[in-house]
Every structure is written in structure tokens, then in C-alpha cells.
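First residue of the sequence shown? That's 0 in numbering that gives the first Met the number 0, and the numbers climb one at a time after it.
Note that the Cβ used here is the ideal one computed from N, Cα and C, for glycine as well.
In this text, all values refer to a predicted model and were calculated from it rather than measured experimentally.
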Amino acid sequence: MTSLGFALDHVGLGIRNLDHARASFEKLGFRLTSRSMHAGALEPGGPVVPWGSGNHCAMFERGYFELLGLVDEAMPSTVKRMLARYEGLHIVAMNCPSSTAAYEALVQAGVNTAAPAKLERDAAFGVNDEMVRRAKFENIYLNEEAYPEARFIVIEHRTPEVLWQPHLLQHENGAKELSSIYFVSSNVAETAERFGRFLGPGERVDGAVGFKLARGSFWIMSEAAMRAHSPVHRDGALNRVAAAGIGVASLDRLQELFNSRGIDYVEQPSMDAPRSIWVGPSEASHGALVFTQST
């Protein structure tokens, strides 16, 4: 098994109340984009049509964090399937330079996946949102039955300049990067074998299996191991995304911010760093976050 060279791109938090999630993440010190409505093809090669979901994103120097929720339940949206299972972290996206080449490599590696699909959405552009630009992507969705741990996407950004605007990269909490994703699995060894088809061999560390991507890392562990490892972990659906790691400029300044705003957190080592700050679902709108010092 060899790595296909994917890098961690973004993670998506699926929630019903998008306004509440936005307020929660702004309190945590994230600068969020204005609301953007989704659109996409309903089948590979089909026309792009409006969807009933919208999002806000926290854009980092490396990667980003997406809050997405339903706005109109009568319209199509992949968010519906997520919320039917649970509210929380669902989407795990890796980027690639070419969706066509990535699809061919995934098929050759024996990964069950759909062909690339075109997606678009309008995004506010400019320091004062004075313009609107069209953000365009080509997404490869891994089969959800074969990979139930997340809504896995391999994404080719066609218009990265629309998303990574310089003024959006400055956050009160000092966020610099999306650094890691934690998964809980009912069968760690079997999950690691499937992940290894596109990530290469994993490494067993302290009861978990870790994978280093071209940028970022994945950690797979059992529910019991995650409960012991994470001070904010809550049991939930089997085979899911349990937490997302975010690298910040200064953990000391992050603590000062959280203390000034009355945000509950726990300082405890993580798989990524000996000093880490954990924030639970009650503060992060059904998600769990672990902050580490960015390098």
C-alpha cells in the first residue's frame, strides 16, 4: 500500500441550527465567512442546481473548518443524510491537484468511490463583502458504506483564490491550520486497513493507529480508547469523526481568550502534542476540538 499524496483540506460540522453554530465559533475566536448557499450536480456530469444548505467557514493558512446546515429542507442537500445520523463532525476532505488523476489512482488502489462531480457556490469576496465570486470545486466522494467513518471527499479546488482571501485568515484565537482528525471505530485494525489503501501504512501509537498525510494527520481509535484519551469525548454513533485538531499561534494567548469569555476547556496531552487544549461539544456546537501549538 502506498500513499496517494493527499493533504488535509477541511472538516465539516453538520448542524441544524446554523445561526447558533456561527455564534459559538465566533465566541471561540474564529473569524467566519459570510453565509454562502450551496449548489451542485445531483449526479456525475449533471447540471449544477441550487441546494437547500448553506455554510460559514473559518479559513486558515492551511486548510479550513466548515459549519454547514440546512436552510430549506425542501431542496436537495447532502446535509440531510448527515443530520439523520447525528449532529457533529462529518465531512473530512483531502485535496489533490487533479480530480481526474486522483480518481484513477483511487480506483487502482481498490477504493470504492464515485467519479468526480462538479460543485459551485457563491462566496462573498472583498474585505467588506462588496463583491460576489463563484467558488468552484471538483469533488470525489468515497462510498459511504465502504467508508462509514466520515463523508470523505477528495477535492480539487478550481478557484482557491476565492476562498483563501488574506483578510479571512486572521483569527482572534490565532488559528493557523487544520492539523488532525480523530476517528472512533468499532474495528480499529479493519478501519486502518481500509484507510491504508489511499494513505499508505499507518503507525500504531498508544492504542491508536496514526496516518501522516502530505499535510495533517489522521488518528483511529476505539470508543474506549478515545474516551480515555480525550477529556471532552462523548459516546455516540459507531464509526464517526470524534474530534478535529487546530494549530494556533500561541496556546497561552488562546487560554487568555477562553478565560476572558468563560469558555470551558481542559488542558491535557493529545496524540499530536504533549500540551493541548480540548473544547467539548457544548462549546463547539456538537463538535469536539483540540488545539495545539502550530509549528
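Label residue i either buried or exposed according to how many other C-beta atoms from any shown protein chain fall within 10 Å of its C-beta, with 16 as the threshold for buried.
i           : result
residue 125 : exposed
residue 97  : exposed
residue 0   : Note that residue 0 scores a pLDDT of 42, beneath 50, so its modelled location is shaky; the value from the coordinates is reported in the next line. Exposed.
residue 227 : exposed
residue 245 : buried
residue 193 : buried
residue 86  : buried
residue 46  : exposed
What's the gap between the Cα of residue i and the Cα of residue j?
i           : j           : result
residue 229 : residue 221 : 12 Å
residue 54  : residue 189 : 33 Å
residue 319 : residue 164 : Outside the shown range of the chain (0 to 294) lies residue 319, about which nothing can therefore be said.
residue 83  : residue 67  : 14 Å
residue 183 : residue 232 : 10 Å
residue 149 : residue 81  : 9 Å
residue 88  : residue 204 : 23 Å
residue 211 : residue 22  : 32 Å
residue 280 : residue 19  : 13 Å
residue 10  : residue 219 : 16 Å
residue 130 : residue 33  : 12 Å
residue 294 : residue 253 : 15 Å
Give the range of the alpha helix (DSSP H) segment to which residue i is assigned.
i           : result
residue 257 : 250-259
residue 150 : From DSSP, residue 150 is part of no alpha helix (DSSP H) but of the beta strand (DSSP E) over 150-156.
residue 291 : No alpha helix (DSSP H) holds residue 291; the beta strand (DSSP E) holding it covers 288-292.
residue 17  : 17-26
residue 225 : 222-228
For residue i, report the span of its beta strand (DSSP E) as first-last.
i           : result
residue 52  : 47-58
residue 137 : 130-140
residue 213 : Careful: residue 213 lies outside any beta strand (DSSP E) and carries neither H nor E.
For this session: Report yes or no: do three or more beta-carbon pairs, one from the stretch 3-12 and one from the stretch 133-145, lie closer than 8 Å?
Result: no
Exercise. Is the number of C-beta pairs between the stretch 262-282 and the stretch 153-163 that are closer than 8 Å three or more?
Worked result: no
For this session: For the stretch 99-124, list the beta strand (DSSP E) runs that are entirely contained and at least 3 residues long, ordered along the chain.
Result: 116-124
For this session: List in chain order: all unbroken alpha helix (DSSP H) runs of 4+ residues lying wholly within the stretch 65-100.
Result: 78-84
For this session: Starting from the N-terminal side, write out each stretch of the alpha helix (DSSP H) that is 4 residues or longer and does not extend beyond the stretch 157-193.
Result: 159-162
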